[in-house]
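Chemist: In UniProt numbering, the protein residues as written are 1 to 381.
Using N, Cα and C, we set each Cβ at its ideal position, and we do this for glycine too.
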Ligand code: PMP
Ligand code: GLN
């Protein structure tokens with residue numbers, strides 16, 4: 001047996017798996033890992049059954065089923081006002097995570113530096129490091145997680161290759177402002193950087209906030225990848241379906257990687273999604289649907305010992321527990337599971353230095369009855 005030399009020595013089980021395992025072990029309400037506890041649309045399920053039964057069971061084209069790419073092109077153009085070429089600028093992937101990973105492997109070489117903003121989604125760093133890239137993390141702190149662009153610019157070196165952003169942002173629930181996106185565009189142009197924009201929560205924006213895709217920003221359009229997830233769009237995180245957009249030259253390089261990573265994604269599901277999203281109402285109502293759930297959670301916790309941070313988008317709410325405990329986020333999250341049967345995610349897990357700010361992330365993509373039960377448990381503390 002040769003010696004195993006781990007390529008990711010610092011990596012263990014993801015925080016989402018750890019917390020879900022603990023939730024199952026202690027039979028706690030699981031508001032940790034971000035997934036809906038309700039079923040997707042019946043109409044979508046019957047479309048999937050239809051295509052499985054009708055013999056759509058062999059490889060899809062490498063870039064994805066054309067009917068689905070055409071629907072995505074229409075959706076993107078209608079929402080953000082910029083045309084997408086279904087033939088050359090879209091690839092259907094096996095989820096947002098695969099899209100992110102393959103985009104990183106397309107661009108990042110040993111020694112390249114990638115700017116990310118923390119708190120950051122957990123898959124970014126290992127993907128960058130596997131390709132010999134160096135993560136340059138810009139820490140943003142509660143309560144408003146403001147970006148200091150002067151500091152960001154000071155972190156750019158001759159080795160900086162890419163900026164990775166997540167908008168709307170998991171776990172903070174913040175939506176990038178037009179001013180921040182303009183600063184990003186100026187930086188990317190001045191330093192000649194690629195942008196990888198994780199927009200998997202694009203439809204979950206609340207209280208009048210508007211999602212602006214980097215696809216619609218002229219200075220960013222040609223130098224960016226945009227990642228989306230059907231898991232979020234359709235309440236089907238277990239299907240692992242998503243897509244990525246890029247201008248044709250970038251997409252050509254992406255597909256060289258994609259064709260040898262998965263080759264293509266699930267065929268019958270692609271046909272079913274193409275039919276389903278032809279009715280734009282199916283995704284245009286997502287914002288008000290999840291805003292109702294956010295409001296239910298916020299109203300239920302108003303006046304409790306937990307302070308709610310602003311939630312402008314995503315399906316995550318941050319809770320400040322400073323009035324309840326001075327335990328570390330990890331310890332307090334464990335205590336909540338064991339003693340109060342409620343699972344959350346410590347926000348420190350999204351920082352490389354485990355910064356503790358007395359914050360927990362809760363997922364409100366849950367049935368109203370689950371949210372109400374969670375409110376009872378939290379209010380009893
Ligand atoms: N990016 C972010 C910010 C996420 O929260 C997630 C997971 N929910 C993903 C990407 C991955 O999406 P998928 O489940 O489609 O791989
Ligand atoms: N994106 C989900 C979250 O933030 C988790 C996905 C996963 O478990 N890897 O909770």
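(1) For residue 311, which beta-bridge partners are listed by DSSP?
(2) Give a yes or no on whether the C-beta atoms belonging to residue 96 and residue 316 are separated by under 7 Å.
(3) In this structure, what does DSSP give as the bridge partners for residue 232?
(4) Quick one: Cα of residue 303 to Cα of residue 286, how far?
(5) Any idea what DSSP makes of residue 161, helix, strand or coil?
(6) Output the boundary residues of the beta strand (DSSP E) element that contains residue 361.
(7) Starting from the Cα of residue 110, find the closest Cα among 44, 140, 132 and 5 and give me that residue.
(8) Is there contact between the stretch 140–153 and the stretch 12–28, where contact requires at least three CB pairs shorter than 8 Å?
(9) Determine the contact status of residue 54 and residue 70, defining contact as a CB-CB distance below 7 Å.
(10) Does the stretch 118–131 come close enough to the stretch 345–355 to have 3 or more Cβ pairs within less than 8 Å?
(11) What's the call for residue 59, buried or exposed, on a 16-neighbour Cβ count within 10 Å?
(12) With distances taken Cα to Cα, identify the nearest neighbour of residue 203 among 33, 13 and 80.
(13) Would you be able to state if there are at least three C-beta pairs under 8 Å between the stretch 164–179 and the stretch 269–281?
(14) Should residue 300 be counted as a contact of the ligand GLN given a C-beta to heavy atom distance under 6 Å?
(15) Give the single residue among 129, 212 and 276 whose Cα lies nearest to the Cα of residue 184.
(16) The ligand PMP heavy atoms versus the CB of residue 102: any closer than 6 Å?
(17) Output the residue ranges of the alpha helix (DSSP H) runs that lie fully inside the stretch 332–357 and measure 4 residues or longer, sorted by chain position.
(18) Look up residue 256 in the DSSP assignment and say whether it is helix, strand or coil.
(19) Look up residue 206 in the DSSP assignment and say whether it is helix, strand or coil.
(20) Check whether the Cβ of residue 405 lies closer than 6 Å to any heavy atom of the ligand GLN, and answer yes or no.
(21) Write down every uninterrupted run of the beta strand (DSSP E) in the stretch 118–191 whose length is 3 residues or greater and which is fully enclosed by it, in chain order.
(22) Can you tell me whether residue 46 is helix, strand or coil according to DSSP?
(23) Hey, is the stretch 224–232 in contact with the stretch 241–259, meaning 3+ C-beta pairs nearer than 8 Å?
(24) Rounded to whole angstroms, what is the Cα-Cα separation between residue 200 and residue 216?
(25) To the nearest angstrom, how far is the alpha carbon of residue 359 from that of residue 370?
(26) Which residue wins for smallest C-alpha separation from residue 297, given the options 345, 364 and 250?
(27) Note down, one range per segment and in chain order, each beta strand (DSSP E) of at least 3 residues found wholly within the stretch 84–117.
(28) Tell me whether the beta-carbon of residue 274 lies closer than 7 Å to the beta-carbon of residue 67.
(29) Output needed for residue 255: all residues of its chain with C-beta closer than 8 Å, excluding positions within five of it in sequence on either side, in chain order.
(30) Would you say the beta carbon of residue 37 is closer than 6 Å to some non-hydrogen atom of the ligand PMP?
(31) Which of the three DSSP states is assigned to residue 197 in this structure?
(32) Can you find the residues in the same chain that come closer than 8 Å, C-beta to C-beta, to residue 367, ignoring five residues on each side of it along the sequence?
(33) Rounded to whole angstroms, what's the CA-CA distance from residue 411 to residue 238? Just pull it up for me.
(34) For residue 33, I'd like the list of residues in its chain whose CB is within less than 6 Å of its CB, leaving aside the five on either flank, ordered along the chain.
(35) Going by beta carbon distance, what residues of the same chain come within less than 7 Å of residue 14, once the five residues before and after it are set aside?
(36) Helix, strand or coil for residue 224? Go by DSSP, reduced to three states.
Modeler: Short version:
(1) By 1-based counting over the chain shown, the position of residue 311 is 311. DSSP lists no partner for residue 311.
(2) Counting from one through the chain shown, the residue named residue 96 turns up at place 96. Counting from one through the chain shown, the residue named residue 316 turns up at place 316. Not in contact: residue 96 and residue 316 (Cβ atoms no closer than 7 Å).
(3) Counting from 1 along the chain shown, the entry for residue 232 is found at position 232. Residue 232 pairs with nothing; no bridge assigned.
(4) Along the chain shown, read from residue 1 onward, the residue named residue 303 stands at position 303. Along the chain shown, read from residue 1 onward, the residue named residue 286 stands at position 286. Residue 303 and residue 286: Cα-Cα distance of roughly 28 Å.
(5) Translated into positions along the chain shown, residue 161 becomes position 161. DSSP places residue 161 in strand when its eight states are reduced to three.
(6) Along the chain shown, one-based indexing puts residue 361 at 361. Segment 359–363, the beta strand (DSSP E) holding residue 361.
(7) If you number the chain shown from 1, residue 110 lands on position 110. Looking at the Cα atoms, 132 is the closest of the given residues.
(8) The stretch 140–153 makes no contact with the stretch 12–28, as fewer than three CB pairs between them are under 8 Å.
(9) Within the chain shown, the letter at position 54 stands for residue 54. Within the chain shown, the letter at position 70 stands for residue 70. Between residue 54 and residue 70, the CB-CB gap reaches or exceeds 7 Å.
(10) A contact is defined here as three or more CB-CB pairs under 8 Å, and the stretch 118–131 meets this definition with respect to the stretch 345–355.
(11) Here residue 59 refers to the residue found at position 59 of the chain shown. With fewer than 16 other Cβ atoms within 10 Å, it is exposed.
(12) Counting from 1 along the chain shown, the entry for residue 203 is found at position 203. Nearest of 33, 13 and 80 to residue 203, Cα basis: 80.
(13) Cβ pair count under 8 Å is below three, so no.
(14) Taking the first residue of the chain shown as position 1, residue 300 is located at position 300. Proximity of the beta carbon of residue 300 to the ligand GLN is not indicated: no heavy atom of the ligand is located closer than 6 Å.
(15) Here residue 184 refers to the residue found at position 184 when the chain shown is read from its first residue. The option with the nearest alpha carbon to residue 184 is 212.
(16) In the chain shown, counting from the first residue as 1, residue 102 sits at position 102. No, the Cβ of residue 102 stays beyond 6 Å of every heavy atom of the ligand PMP.
(17) Runs of alpha helix (DSSP H) with 4 or more residues, each lying fully within the stretch 332–357, are absent.
(18) Position 256 of the chain shown holds residue 256. For residue 256, the three-state secondary structure derived from DSSP is helix.
(19) Position 206 of the chain shown holds residue 206. Coil.
(20) The requested residue 405 does not occur in the structure, where the chain is confined to residues 1 to 381.
(21) Counting only unbroken stretches of 3 or more residues, the beta strand (DSSP E) elements lying wholly within the stretch 118–191 are 134–139 and 160–166, in sequence order.
(22) The count along the chain shown starts at 1 and reaches residue 46 at position 46. Reduced to three states, the DSSP call for residue 46 is helix.
(23) Contact check between the stretch 224–232 and the stretch 241–259: three or more CB pairs, one atom from each, fall below 8 Å, which counts as touching.
(24) Taking the first residue of the chain shown as position 1, residue 200 is located at position 200. Taking the first residue of the chain shown as position 1, residue 216 is located at position 216. Approximately 16 Å between the Cα atoms of the pair.
(25) Against the chain shown, residue 359 aligns to sequence position 359. Against the chain shown, residue 370 aligns to sequence position 370. Note on geometry: alpha-carbon atoms of residue 359 and residue 370 lie some 21 Å from one another.
(26) Residue mapping note: residue 297 aligns to position 297 of the chain shown, counting from 1. Ranking the options by Cα distance to residue 297, first place goes to 364.
(27) Counting only runs of 3 or more, we get 90–93.
(28) As a first step, residue 274 must be located in the chain shown, where it is residue number 274. As a first step, residue 67 must be located in the chain shown, where it is residue number 67. Residue 67 is positioned such that its CB atom lies closer than 7 Å to that of residue 274.
(29) Counting from one through the chain shown, the residue named residue 255 turns up at place 255. The beta carbon of residue 255 sits closer than 8 Å to those of 62, 63 and 91, all from its chain and outside the five residues before and after it, given in chain order.
(30) Locating residue 37 in the chain shown gives position 37, counting from the first residue. Relative to the ligand PMP, the beta carbon of residue 37 is positioned no closer than 6 Å to any heavy atom.
(31) If you number the chain shown from 1, residue 197 lands on position 197. If DSSP states are grouped into helix, strand and coil, residue 197 belongs with the strands.
(32) One-based indexing of the chain shown puts residue 367 at position 367. By the criterion of a C-beta distance shorter than 8 Å, residue 367 is surrounded in its chain by 37 and 38, once the five residues flanking it on both sides are discounted.
(33) Here the chain covers residues 1 to 381 and nothing more, so residue 411 does not appear.
(34) Counting from 1 along the chain shown, the entry for residue 33 is found at position 33. Residues of the same chain with a CB within less than 6 Å of the CB of residue 33, apart from the 5 flanking positions on each side, are 16 and 20 in chain order.
(35) Within the chain shown, the letter at position 14 stands for residue 14. Closer than 7 Å at the Cβ level, and outside the excluded window around residue 14, lie 122.
(36) Walking along the chain shown from the start, residue 224 turns up at place 224. Correct three-state label for residue 224: strand.
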